[in-house]
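Numbering of the sequence shown is given in full-length UniProt numbering, commencing with residue 1 and proceeding in unit increments.
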Amino acid sequence: METGRYESKFGYELETYKWKPEKFPKFVLYLCHGYGEWAGNHGFTREFIPKLLALGAVVFSHDHYGHGKSGPFEKTHRDRCQIKNFDETAADLSARIIITKTEYSELPFILYGHSMGGLISSLAIMNDKPDLDGVIFSAPALKIDKKSAPAWLRALGRVVGFVYPSMKSPLPLDLDLITRNKDNLTWVKEDIEEYGDNGGYDCGFALRMLKAQEKTEKWFETGSFPDVPVALFTGTKDEICSPEGCYFAKKHIKQSNLFTYEGAYHALAAELPETVEKFYEDLTSWLTSTCKLASQ
Numbered sequence: 001m002e003t004g005r006y007e008s009k010f011g012y013e014l015e016t017y018k019w020k021p022e023k024f025p026k027f028v029l030y031l032c033h034g035y036g037e038w039a040g041n042h043g044f045t046r047e048f049i050p051k052l053l054a055l056g057a058v059v060f061s062h063d064h065y066g067h068g069k070s071g072p073f074e075k076t077h078r079d080r081c082q083i084k085n086f087d088e089t090a091a092d093l094s095a096r097i098i099i100t101k102t103e104y105s106e107l108p109f110i111l112y113g114h115s116m117g118g119l120i121s122s123l124a125i126m127n128d129k130p131d132l133d134g135v136i137f138s139a140p141a142l143k144i145d146k147k148s149a150p151a152w153l154r155a156l157g158r159v160v161g162f163v164y165p166s167m168k169s170p171l172p173l174d175l176d177l178i179t180r181n182k183d184n185l186t187w188v189k190e191d192i193e194e195y196g197d198n199g200g201y202d203c204g205f206a207l208r209m210l211k212a213q214e215k216t217e218k219w220f221e222t223g224s225f226p227d228v229p230v231a232l233f234t235g236t237k238d239e240i241c242s243p244e245g246c247y248f249a250k251k252h253i254k255q256s257n258l259f260t261y262e263g264a265y266h267a268l269a270a271e272l273p274e275t276v277e278k279f280y281e282d283l284t285s286w287l288t289s290t291c292k293l294a295s296q
C-alpha cells in the first residue's frame with residue numbers, strides 16, 4: 001500500500017491510498033468509502049482489496065474530509081466525520097479521479113461507492129461528469145430507511161438540523177445493523193473506535209445529507225445518469241441505507257444490474273459466509289464482463 005497527501009482546493013489535506021497488483025494491471029477501481037470509515041480499515045484491507053488485486057485491479061482511494069487520516073480535525077475532535085459540504089466532498093472525489101486517470105489512462109476505470117460513498121459518487125457524477133467505464137454502488141445512501149427514520153422524525157430533524165446544527169443526534173447508529181455476522185462486529189467496532197466519529201453524527205450533518213439525497217433523487221429522475229454499466233448491490237434487510245435506494249436507481253439507469261442478498265444487512269463484504277461468497281462471485285463476474293467490454 002502506498003499513501004500520500006493531497007491538498008484539496010477547499011483548504012484541507014486528504015490522505016490518499018494506492019494498492020497495486022503483483023502482475024500487470026487490467027483495470028483501475030476507485031474506492032469511495034462511507035460515513036465513519038477510512039480507506040485503510042479492516043472492512044476493505046482484510047479481504048475486499050486483496051480480492052480486487054487478484055483480479056488485476058489497481059485500487060485507489062482517499063479518506064474524505066474529516067475522516068480517517070485526512071484533515072482538518074484531530075482524532076478527538078467532535079466534528080470528525082461531519083461532512084460540512086457534500087458538493088465539496090464530491091468535488092474532491094472528482095479531482096482525485098482526474099489525477100488517477102492521468103496515471104492509468106489506458107485502463108478501464110471503475111468507480112466504487114459504498115454507503116455514503118455511493119451518495120458522494122452520485123454527486124460527483126452529477127456535478128462533474130467524470131469519464132468512467134463503469135460504476136458500482138454498494139449499499140448506497142440514496143434513500144433513508146423509513147423504519148429507522150419515519151416521516152415525522154425526518155420533519156423534526158429538518159427543524160433541529162437548521163436551528164441546532166451542532167447538536168449530536170439522540171439516535172446513534174446501531175452497530176448491530178451493520179452485519180448479521182457477529183464474529184465480524186469485533187473488528188468493525190475496532191475500526192470505528194480508531195477513526196470513527198466522536199459522539200455520533202450531528203443534526204446539521206443529517207440535514208445536509210438529506211438535502212444531498214433529495215438533489216440526487218431529482219437528478220436520477222431526469223434520466224441523466226451516464227450511459228455506462230452500473231452494478232447495484234444491496235442486502236434486503238439493510239436498515240442503515242435502505243434497499244429502496246438501489247430499487248429507485250435501477251429504474252432510472254439505462255445499463256444497470258441489481259444484485260440483492262436476501263436477509264443481508266449493510267456490509268455485504270462482512271456478512272455471513274454464504275452471502276460474502278455470493279457477493280464476491282457477483283462482483284467478480286460483473287467486473288470481468290464490464291472491463292472486457294470497456295477494453296474492446
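Glycine included, C-beta positions come from ideal geometry on N, C-alpha and C.
Treat the numbers as computed from the prediction; the structure is a model and nothing was measured.
Asked                                                                                                                                                                                    : Found
Kindly indicate which residue of F233, H42, K250 and F248 has the alpha-carbon position closest to the one of Y265.                                                                      : F233
Kindly identify the DSSP beta-bridge partner or partners of S256.                                                                                                                        : V230
Between which two residues does the beta strand (DSSP E) carrying E13 extend?                                                                                                            : E13 to W19
Considering only residues of the stretch 174-238, which uninterrupted beta strand (DSSP E) runs meet the minimum length of 3 residues and lie entirely inside it, listed in chain order? : 230-235
Under the three-state reduction of DSSP, which class applies to I110: helix, strand or coil?                                                                                             : strand
Of the residues E74, L119, C203 and L14, which one's Cα is nearest the Cα of E194?                                                                                                       : E74
If you measure between the beta carbons of S115 and C203, is that distance less than 7 Å?                                                                                                : no
Using the rule of at least 16 other Cβ atoms within 10 Å of the residue's Cβ for burial, across every protein chain shown, is D191 buried or exposed?                                    : buried
Which of helix, strand or coil does DSSP assign to A139?                                                                                                                                 : coil
Taking its Cβ as the centre, do 16 or more other Cβ atoms sit within 10 Å of A139, making it buried, or is it exposed?                                                                   : buried
Tell me which residue opens and which closes the alpha helix (DSSP H) that G43 is part of.                                                                                               : H42 to T45
What's the C-alpha gap between P25 and S105?                                                                                                                                             : 12 Å
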